[in-house]
Amino acid sequence: MKGDHHVILRVVAKVLIPIIALYGFYVHFHGEYSPGGGFQAGVILAVTVVLYSLIFGIAPAMRAITPGFARFIAGLGFIIYVGVGVWALAMGGNFLDYDALFREPPGGHNGQHVGIIVIEIGVLFAVAGSMVSIFYAFAGRVSEIRDEDW
Amino acid sequence: MIESISSLVPADIAAHAPALLVVAPMLLAPIAAFMPNGRLAWILSILATGVSLVMAMVLLTQVRSVDGGGVLSYAMGGWAPDAGIEFRIDSLNSMVLLLVSTIGFLAAVFSWPSVVAEVRDAKRAMFYAAYLVCFTGLCGVASTGDAFNLFVFLEISSIATYVLVALGATRDRRALPAAANYLLMGTIGASFFVVGVGFLYAATGTLNMAELAIRLQDMQGNKAVLAGYAFIFVGLGIKAAMFPLHQWLPNAYAYSPSFVTMFLAATATKVAIYALVRFLFTVFGLEFAFEGSTLIWILMPMGIAAMIACSFQAVFQTDVRRTLAYSSVAQVGYMLLGISIGTTLGVSAGMFHLVNHALIKGTLFMALAGMVLSYQGTTLNDLKGLGRSAPWTMTAFAIGAVSLIGVPLTAGFQSKFALVNALFEHGWWWAVAVVMFSSLLAVVYMGRILEAVFFRAPSNPNKRRKEAPLLILIPLWILAIANIWVGVQGGFVAGLAEDAAGSLFIGDVS
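Chains as they are written, first to last, in our numbering: chain S, 1 to 150; chain W, 1001 to 1510.
The structure is reproduced here in structure tokens:
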């Protein structure tokens, strides 16, 4: 592209965005052993979309990840989270009691393992979806009053 | 009736009632957001609030089955309290939960015609999702026994409320600045509250309210605790629209969709007052709050200032919704006055008025919502002559109005009588005069509206006779009859309020 001042930005961003996304997943799945988890990872994943739309424009970003899809992910994450709680209730435990998930005998920890991982996936979805939705809501806003009309 | 409904619920489910009450709307909120049209979301919201209502009845039965009011503790995630989050239901919680879920259910039922008229089609499913999230938050605040968890639920309900208020922009653009103003004030309140909780945590090392209460007994005069106390008091004061901190309220009530106004007026400030009472009496304890830091010189003057100043402001409003909004702040003053007496009688009068005021404002705002549907405007001028064209709607409105004034045989009379009684018993004769004066102001501002409604000629005589739809009339009359029922046979609600106040003072005896 001739006269394009942002060529370096574009090239660097193209390299960086997948790495950022990968790092997001690393923070997510390593959250079990080190600081991190669904919330932080969700924000990092949302950052990829924000960075993409800063450099390539909001319209292509909205084509890649539609606002409806972002909202869907946010809601889905919420449902996953509450769903695990209801699953525990259905198995006879208290709300969000991971020990009850598989009705394990005392000493079994599969429930705790699976429970927290599924919960964190819910958090990841909810946070990433909400962050992108909030960004779209601000960035995609069409001003209702033109500047000359003020 | 409550007992018979609760006995229908299986024991397995009843054991998890504290969680289910909050989980039902929490789960159905995102599902409602995915509904292709608003009608399905509306049905889901009725379902969710209905489940919560039944669970609240179950909780009330369980609490009352123990002599003197039992305490239910529910460990979230199976983690024992103190380490984990605890839902703790006693007489006070169960009363507030029953109130919030009853109003929430009736509001959900009546909302549809009003929402169709005031919210755009594409936004309706999301609107109901936001409503359910708000409802979840309010129920959560009223059931949790963990100070930080209370903050989280408070924010859940508040953030949903900002959205709901802003959606009034379809009808009136002033909803947007009102929502922004509310957002700023609400966020300041929440930040103050969380800073206060932080101080308490730093001083005591626990977030569980029951445990906090025990540890704080040995910390009289600790500066960090005092600072935490001040922050929490101001933070919850903003949320509860305590007198000088109420500036967000009139606009938020006046410009949000009618349905939202009705729901908020009857629940949001009530739940904040519940949280305030919970912290003052359970967490800090009477000794600390009243003698240690002379709360009596803050809460009582603020209550009285609200009763007088805001009643005066209510008199001079031309928009009926603003009149009622200022009157709400004044009524919060009554509750604070009752609480500030610091005796069982006083607190029980405050709690009694809290419930009754929810019924009163619910009736008034619901009738207004029905009226807005057929006549658009809400100024005094728009209401002229409506007594003839919409007699059923306006009679219910009139019942709410006389109840607000405190005419005998209505709910408002019962709770004002209880308040006056408590004031006499405490020897605050002058405060009785203030209550009377404020009630006289209520006669003026409600009388102005009633006069316009029933005795003036319609400003537009061509308008045909037009009642609110049946979907509004039925819940409206349920609330209106509840006003009279409490007024004639106040025993049930007064008993709830007494138990609630009693449960607050148990801790101080031991």
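Glycine included, every Cβ here is placed at the ideal spot set by N, Cα and C.
So what does DSSP say about Phe95/S, is it helix, strand or coil? coil
Using DSSP's beta-bridge definition, name the partner residues of Lys1208/W. The question names Lys, but residue 1208/W is Asn in the sequence shown. DSSP lists Asp1146/W as partners of Asn1208/W.
Leaving aside the five residues before and after Met1095/W along the sequence, list all residues of the same chain whose C-beta is less than 8 Å from its C-beta, in chain order. Leu1060, Met1351, Val1355, Leu1496, Ala1497, Asp1499, Ala1500
Contact set between Tyr1162/W and chain C, taken where Cβ atoms lie within less than 8 Å: This model lacks chain C altogether, as its protein chains are S and W.
Leaving out the 5 sequence neighbours to the left and right, which residues in its chain are closer than 6 Å to Val1051/W when beta-carbon positions are compared? Ala1024
Could you name the residues of chain W that Gly85/S contacts, counting a contact when the two beta carbons are closer than 7 Å? Val1023
Among Phe1127/W, Pro1081/W, Leu1276/W, which has the Cα closest to the Cα of Thr1206/W? Pro1081/W
CB contact flag (Met131/S, Gly42/S, <9 Å): yes
Rounded to whole angstroms, what's the CA-CA distance from Leu1280/W to Leu1286/W? Just pull it up for me. 7 Å
Under 6 Å Cβ to Cβ from Ala1179/W, same chain only, skipping five residues before and after it: list those, please. Tyr1162, Val1165, Ala1166
Confirm, please, whether the CB-CB distance from Gly1362/W to Ala1528/W is below 9 Å. This structure leaves residue 1528/W out entirely; chain W is present only between 1001 and 1510.
For Ala1275/W, report the span of its alpha helix (DSSP H) as first-last. 1258–1277
For Val84/S and Ile19/S, I'd like the C-alpha separation in whole angstroms. 31 Å
Got a sec, what are the start and stop residues for the alpha helix (DSSP H) Glu1086/W sits in? Element bounds for Glu1086/W: not the alpha helix (DSSP H) but the beta strand (DSSP E), 1086–1089.
Any beta carbon from chain S within less than 9 Å of Met1307/W's own beta carbon? no
Measure the C-alpha to C-alpha separation of Val1260/W and Ala1240/W and round it to an integer number of angstroms. 17 Å
Could you tell me which chain S residues have their CB closer than 7 Å to the CB of Met1076/W, listed as they occur along the chain? Asn94, Phe95, Leu96
Going by DSSP in three states, Asp1511/W sits in which element: helix, strand or coil? As shown, chain W starts at 1001 and ends at 1510. That puts residue 1511/W outside it, with no answer to give.
C-alpha gap between Val1009/W and Ala1056/W, whole angstroms: 12 Å
Work out the CA separation of Val1347/W and Gly1292/W for me, nearest whole Å. Residue placement at Gly1292/W is flagged as unreliable, the pLDDT there being 49, under the threshold of 50; a coordinate-derived value is accordingly withheld.
Run through chain S and tell me which residues come within less than 7 Å of Pro1408/W, C-beta to C-beta. The contacting residues do not exist; Pro1408/W stays about 46 Å from chain S at best.
Can you name the start and end residues of the beta strand (DSSP E) that Tyr1074/W belongs to? 1072–1075
Starting from Trp1297/W and walking both ways along the alpha helix (DSSP H), at which residues does that stretch end? 1296–1305
Check Gly1292/W in the structure and name its three-state DSSP category. Bear in mind that the predicted position of Gly1292/W carries a pLDDT of just 49, short of 50, making it unreliable; the figure below should be weighed with that in mind. Helix, per DSSP.
Would you call the region 1032–1049 of chain W and the region 1107–1126 of chain W in contact, with 3 or more CB pairs under 8 Å? yes
Taking all protein chains shown into account, decide if His5/S is buried (16 or more other Cβ within 10 angstroms of its Cβ) or exposed. exposed
In three-state terms, what does DSSP make of Asp1319/W? strand
Between Met1019/W and chain S, is there a C-beta pair that is closer than 9 Å? Reading off the sequence, residue 1019/W comes out as Ala, not Met. Closer than 9 Å to some Cβ of chain S, the Cβ of Ala1019/W qualifies, so yes.
Considering only the beta carbon of each residue, do Pro1391/W and Phe1110/W sit closer than 9 Å? no
9 Å is my cut-off, CB to CB: does Arg71/S come that close to chain W? yes
Closest Cβ-Cβ distance between Phe78/S and chain W: below 9 Å? yes
Residue from Ile1472/W, Trp1477/W, Val1488/W with nearest C-alpha to Val1116/W: Ile1472/W
Can you check which of these residues, Asp1218/W, Ser1065/W, Ser1157/W, Met1371/W, is closest to Pro1113/W by C-alpha distance? Met1371/W
is_contact[Ala1142/W, chain S] using C-beta, thresh 9 Å: no
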